[in-house]
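Novice: If you read the protein sequences in the order shown, they are chains A and B. Quick note: the first sequence, position 141, residue 140 per numbering that gives the first Met the number 0, numbers continuous. Quick note: the second sequence, position 227, residue 226 per numbering that gives the first Met the number 0, numbers continuous. Glycine included, C-beta positions come from ideal geometry on N, C-alpha and C. A single structure is presented below for examination.
Number of protein chains: 2
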Amino acid sequence: MATTIKDIARRANVSTATVSRVINDIGGYGDETRDRVLAAAKELGYYKNEAATSLVTNKTKTIGIIIPDVSTSFYGNIVTGIEDIAYDYGYSVILTHAGVEGKRLVDSLKLMVNRRVDGIMIVSIYLNQERQELVRQLGVPTILLSTISEDKQLPYIKVDDYEAMYHATHYLIQQNHQKIALAGINPDDAVAGKPRLAGYLNCLEDNQLAVDDSLIVFGDFSFESGQQAMKQYLHQTMPTAIVCASDDVALGVISVAHQAGIRVPEQLSVVGYDDTSIAWMTTPPLTTIAQPFYEMGARGCQRLIHSITKKQVMTSEIIPFELKERQTVRKLAR
Amino acid sequence: MATTIKDIARRANVSTATVSRVINDIGGYGDETRDRVLAAAKELGYYKNEAATSLVTNKTKTIGIIIPDVSTSFYGNIVTGIEDIAYDYGYSVILTHAGVEGKRLVDSLKLMVNRRVDGIMIVSIYLNQERQELVRQLGVPTILLSTISEDKQLPYIKVDDYEAMYHATHYLIQQNHQKIALAGINPDDAVAGKPRLAGYLNCLEDNQLAVDDSLIVFGDFSFESGQQAMKQYLHQTMPTAIVCASDDVALGVISVAHQAGIRVPEQLSVVGYDDTSIAWMTTPPLTTIAQPFYEMGARGCQRLIHSITKKQVMTSEIIPFELKERQTVRKLAR
DNA sequence: TTGTAAGCGTTATCAT
DNA sequence: ATGATAACGCTTACAA
C-alpha cells in the first residue's frame, strides 16, 4: 500500500512523532535528522494522508461550494475567483450542484458536513426561513454569494439588485427613452426578481413615466425568455428600449429583433445584466450591468477563510456594480 | 463536538458496530434495533465523518478534477457533466485549477493524492513524457478529457481535432470557397494546435487548393487572437471564409469585420470551433464545430467510476464532433 | 442478531 | 531533540 510515516520512521531510524514534526515543519529536531527523514520520505514516495490528519486536527482545509445547475453562464468566473484564493491559503475546493432552484440544497449541505468542510459558500440559491435555519444549525461558517437568506442574517456578498436595475432604467431615461420595456425577469425570485422589478418600476415612477404592463414580460433569465419577450413586443407595443434580466435574455431579444429586421441599437436599445463574457464578445457588444463575479468569489472566499482561521465574524457586503456602456444603446433625440 | 457513533451507541443501548451497520444499511440487525439507532441518530443530529471512513476503507468516494485556468469558456459544461454523474454514483468532486498551460499540474496532482481521491480527471492539459510518467507512478485511475498524453497510453476522451478541422475546411470548400483562412491557432499546442493545422492544410491540399501563408494567422484561441487575425486580413489578402480555432476567435473575427463594415456571412463566411453557449446566442448564430463537452464530462466520469469500482480497464474514446450549420457561412456561386 | 476489539495514518501530550 | 502512546471516528473480522 501507500507509504506511511511509519515506513519513513523505520527507514530513517526515528519515531513517527519525529517524522510528523519534520513533515509539518514544526521544528524540534536536528538538521541531520530532518535530512534523513526528508530523504526517506522522498525515496519511499510518500504522500501525506489528509484524511488521517483531518481526523485528529478536526480540520479539513477544504471549503465547499454549492451552486445551482443553471448558473452555467457566470459559473466559471465565480468558481475561479474562489479557487484562486483557496489555493493561496492552501485550501481545497469541493464542488456540488444543488439542482435547479437549489432543490438538492439539503443533500448538498449534508454532503459538505459529512466531509467536514471548514466553510461553505452557497452561490445564487435563495435561503428561505427553513433553509437558513438549517444552515445555522450546521454550525459551519457559511457565506452566500449573489444571494441572501430570508432574514438577511447570514453573511452575503452581492450586488444591490434594486439599485442596479434602477440605474439601468435611469440610464435609458437619460438617453431620452420613454417606452422602456423589462424582459425576462422571474417576479417570484426573491433575490434576482423582486428587487430588479421594483428598481425598474420605481425608476419609471420617479421620472413620471407611466408603467405599461404590456412592456413587462416575465421569464426565467434565459435566452429563450428573451426571444419570447421580443416576440411579444413585436405583436404588441414596441418599446424603444429594453432592460433585460440577464445578458442571455438580452441576446435572445437581439436575436429575434434581428430576424424581424429591427436593428440594434438604431431602432431598439438593449441593456443586459451580468456582463458575462458573451456580453463583450458579441456583435455589437452589449451595454450591460456588470456584476464582478470573479471578485465576488475571491472576496467571499477570503472572508470565509478569515472567519475560519481567525474566528472573526463575517459581515455582509454590497459589492458595487458598474454600467458598461458599449454599443447596444442609442441616445434618442428629445 | 459533533456527535459520533459512540454517542448514538450509548443513547440507543447498542454497540458502535451495530450503529455502523445500521448507518451503512449493511443488514444483520432487528427492525426494532434499527429504529432505535436511527431515532438516536436523528435526535442527536448525527453526520457521518467521511474522513474516518476513508481512513479505514481506503476509499474516499471522491474524484478530482484538474482544469487549466484558461478553459473558462467550456468549463461549466464539462464540470457539470462530471458532477452530474459523480452525484448519481455518490461521489464528490474536488476541483483545482492547474494554472495557465497546466503549470501547476504537479502541485494539483499532489493535492489529489494527498486527499486520496479515487480517480482523477485531467481536462485540456497536455501530458508530455515527464508528466504522463508522473501520473502513471501515482497509481490513481486517471482519465484525460479533451487532451492526450505524449505516448497516448493514458486513457482519454476527445474529439478528433484533425478530422474536425478537416471537416470544417472541407465544408467551406463545398460551399465553393477557395480563399480560406485559418485564424487563432497556436501551432505549438500539441493537442488543439498541430492536429487542427494539419487538418486544414491537408484538406486544402486534397482539394488542389494552394496554401497561402498570409491566410494563416496564429494566436492563442482567444477573442483577441481573432481580432488580431482579422485586422491582419484587412491589410493583406482578404479571404472569403475563415476557419477559426475556437468560438472566441470567431467572435473576435466577426467583431472587427463588423467594425470594418464587412458583413457576415454576406461578404465573409466564418466557422467556429467548440459550440460554447456564445455560439448559438450571438447574432447571427455561429456555424461551428460542436464538441460535446457535457457528454465528455459525463462519459469520462462514468468510465472513471467504472474503472474504480469494477477494476475494469479504461480505454480511450474518440467522441464524435458535429458541424452545426447556423448562419455565418454563405454558399458562393461557382 | 449483537458485541469486542483491532486497526486505518496522523497529531499531540507527556516523558525522557 | 526525540520517543511512547493515546486519541480521532469509523469499519470489520471474530466471537458470542
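(1) Using a cut-off of 8 Å between C-beta atoms, extract the partners of L250 (chain B) located in chain A.
(2) For H234 (chain B), count neighbouring C-beta atoms within 10 Å of its own C-beta (all shown protein chains included) and say buried if the count is 16 or more, exposed if not.
(3) Quick one: which residues of the stretch 12-29 of chain B get their C-beta closer than 9 Å to a C-beta of chain A? List them in chain order.
(4) By the 8 Å beta-carbon criterion, what residues does the stretch 197-231 of chain B contribute toward chain A?
(5) Please return the same chain residues whose Cβ sits closer than 6 Å to the Cβ of F94 (chain A), not counting the five positions on each side in sequence.
(6) Which residues of chain A have a Cβ atom closer than 8 Å to the Cβ of S148 (chain B), listed in chain order?
(7) Taking N175 (chain A) as the reference, which of A:Q207, A:E162, A:K151 and A:S148 has the closest Cα?
(8) Which residues mark the beginning and the end of the beta strand (DSSP E) in which V216 (chain A) is found?
(9) To the nearest angstrom, how far is the alpha carbon of V242 (chain A) from that of A8 (chain B)?
(10) Can you tell me whether L303 (chain A) is buried or exposed? The criterion is at least 16 other CB atoms within 10 Å of its CB, across all chains shown.
(11) Measure the C-alpha to C-alpha separation of I119 (chain B) and D83 (chain B) and round it to an integer number of angstroms.
(12) Could you tell me the distance, in whole angstroms, from the CA atom of T2 (chain B) to the CA atom of I121 (chain B)?
(13) On the premise that I147 (chain A) lies in contact with K157 (chain A), defined as a C-beta separation below 8 Å, what is that separation, rounded to the nearest angstrom?
(14) Under 8 Å, Cβ to Cβ, is there at least one residue of chain B near R135 (chain A)?
(15) May I have the straight-line CA-CA distance separating N113 (chain A) from D106 (chain A), to the nearest angstrom?
(16) According to the neighbour-count rule (16 or more other Cβ atoms, all chains shown, within 10 Å of its Cβ), is G101 (chain A) buried or exposed?
(17) Taking contact to mean 3 or more Cβ pairs, one atom from each stretch, closer than 8 Å, check whether the stretch 288-307 of chain B and the stretch 75-89 of chain B are in contact.
(18) Quick check on K47 (chain B) - is its C-beta less than 8 Å from some C-beta in chain A?
(19) Nearest-angstrom Cα distance between G198 (chain A) and V252 (chain A)?
(20) When you compare only the Cα positions, how much space is there between D246 (chain B) and D274 (chain B)?
(21) Which residues in chain A sit within 9 Å of L171 (chain B), going by Cβ to Cβ distance?
(22) Which one or two residues does DSSP pair with V122 (chain A) in a beta bridge?
(23) Below 7 Å on C-beta distance, what does L54 (chain B) contact in chain A?
(24) Mind checking whether A244 (chain B) and Y272 (chain B) have CB atoms under 8 Å apart?
(25) Specify, as a first and last residue, the run of the alpha helix (DSSP H) that V134 (chain B) falls within.
(26) If you run the structure through DSSP and keep just helix, strand and coil, what is E308 (chain B)?
(27) So which residues of chain B does R115 (chain A) contact, with C-beta pairs closer than 9 Å?
(28) Rank B:Q136, B:I307, B:H257 and B:T327 by C-alpha distance to the C-alpha of T287 (chain B) and give the top, closest one.
(29) Relative to the C-alpha of H96 (chain B), which residue among A:S91, A:R10 and A:H96 is closest?
(30) In chain B, which residues lie with their C-beta within 8 Å of the C-beta of K109 (chain A)?
(31) Would you mind listing the beta strand (DSSP E) stretches within the stretch 267-332 of chain A that are 3+ residues and don't spill past its ends, in chain order?
(32) Name the residue from B:A39, B:M0 and B:Y88 whose alpha carbon lies nearest to the alpha carbon of T15 (chain B).
Specialist: Let's see:
(1) Mapped onto the second sequence, residue 250 (chain B) falls at position 251. Result: M280, T281 and T282.
(2) As a first step, residue 234 (chain B) is located in the second sequence; it is residue number 235 there, counting from the start. When all chains shown are included, H234 (chain B) counts as exposed.
(3) none
(4) F222
(5) Position 95 of the first sequence holds residue 94 (chain A). Sequence inspection shows Leu at residue 94 (chain A); the Phe mentioned does not correspond to that position. Once the five neighbours on either side are set aside, the close Cβ partners of L94 (chain A) are I64.
(6) Here residue 148 (chain B) is taken as the residue at index 149 of the second sequence, counted from 1. What S148 (chain B) touches in chain A: nothing, since even the nearest Cβ is about 20 Å away.
(7) Within the first sequence, the letter at position 176 stands for residue 175 (chain A). The shortest C-alpha separation from N175 (chain A) is found at A:Q207.
(8) Taking the first sequence and counting its residues from 1, the one referred to as residue 216 (chain A) is at position 217. Start and end: I215 to F217.
(9) As a first step, residue 242 (chain A) is located in the first sequence; it is residue number 243 there, counting from the start. As a first step, residue 8 (chain B) is located in the second sequence; it is residue number 9 there, counting from the start. So the alpha carbons of these two residues sit roughly 60 Å apart.
(10) The residue given as residue 303 (chain A) occupies position 304 in the first sequence. When all chains shown are included, L303 (chain A) counts as buried.
(11) To locate residue 119 (chain B), count along the second sequence from 1; it is residue 120. To locate residue 83 (chain B), count along the second sequence from 1; it is residue 84. So the alpha carbons of these two residues sit roughly 16 Å apart.
(12) Sequence index remark: in the second sequence, residue 2 (chain B) carries index 3 (1-based). Sequence index remark: in the second sequence, residue 121 (chain B) carries index 122 (1-based). Their Cα atoms are separated by approximately 37 Å.
(13) Here the question's residue 157 (chain A) lines up with position 158 in the first sequence. Here the question's residue 147 (chain A) lines up with position 148 in the first sequence. Going by Cβ atoms, the distance from K157 (chain A) to I147 (chain A) rounds to 7 Å, so yes, they are a contact pair.
(14) Within the first sequence, residue 135 (chain A) is the residue found at index 136, counting from 1. No, no contact with chain B.
(15) Walking along the first sequence from the start, residue 113 (chain A) turns up at place 114. Walking along the first sequence from the start, residue 106 (chain A) turns up at place 107. Their Cα atoms are separated by approximately 10 Å.
(16) Residue mapping note: residue 101 (chain A) aligns to position 102 of the first sequence, counting from 1. G101 (chain A) comes out buried.
(17) yes
(18) In the second sequence, counting from the first residue as 1, residue 47 (chain B) sits at position 48. Yes, K47 (chain B) lies at the interface with chain A (some Cβ there is under 8 Å from its Cβ).
(19) One-based indexing of the first sequence puts residue 198 (chain A) at position 199. One-based indexing of the first sequence puts residue 252 (chain A) at position 253. Cα to Cα, G198 (chain A) sits roughly 21 Å from V252 (chain A).
(20) Here residue 246 (chain B) refers to the residue found at position 247 of the second sequence. Here residue 274 (chain B) refers to the residue found at position 275 of the second sequence. The straight-line gap from Cα to Cα measures roughly 7 Å.
(21) As a working mapping, residue 171 (chain B) is identified with position 172 in the second sequence. Chain A residues near L171 (chain B): none, gap ~21 Å exceeds 9 Å.
(22) Sequence index remark: in the first sequence, residue 122 (chain A) carries index 123 (1-based). Answer is A:L144, bridged to V122 (chain A).
(23) Working through the second sequence from its first residue, we reach residue 54 (chain B) at position 55. Chain A residues near L54 (chain B): A50, A51 and L54.
(24) Within the second sequence, the letter at position 245 stands for residue 244 (chain B). Within the second sequence, the letter at position 273 stands for residue 272 (chain B). The answer is yes: Cβ separation under 8 Å.
(25) Working through the second sequence from its first residue, we reach residue 134 (chain B) at position 135. First-last of the alpha helix (DSSP H) with V134 (chain B): Q128 to L137.
(26) Residue 308 (chain B) sits at position 309 when you count from the first residue of the second sequence. Note on residue identity: the sequence assigns Thr, not Glu, to residue 308 (chain B). In the structure shown, T308 (chain B) sits in a helix (DSSP, three-state: H, G or I).
(27) Taking the first residue of the first sequence as 1, we reach residue 115 (chain A) at position 116. By Cβ distance, chain B contributes A1, Y46, N48, E49 and A50.
(28) Stepping through the second sequence from its first residue, residue 287 (chain B) is reached at position 288. Considering only alpha carbons, the answer is B:T327.
(29) For the purposes of this step, residue 96 (chain B) is taken as residue 97 along the second sequence, with counting starting at 1. Answer by Cα proximity: A:S91.
(30) For the purposes of this step, residue 109 (chain A) is identified with residue 110 of the first sequence, where counting begins at 1. Residues of chain B whose Cβ lies closer than 8 Å to the Cβ of K109 (chain A) are, in chain order, Y46.
(31) 268-273, 286-289 and 321-323
(32) Taking the first residue of the second sequence as 1, we reach residue 15 (chain B) at position 16. Selection B:A39, B:M0 and B:Y88 evaluated against T15 (chain B) yields B:A39 as nearest (Cα-Cα).
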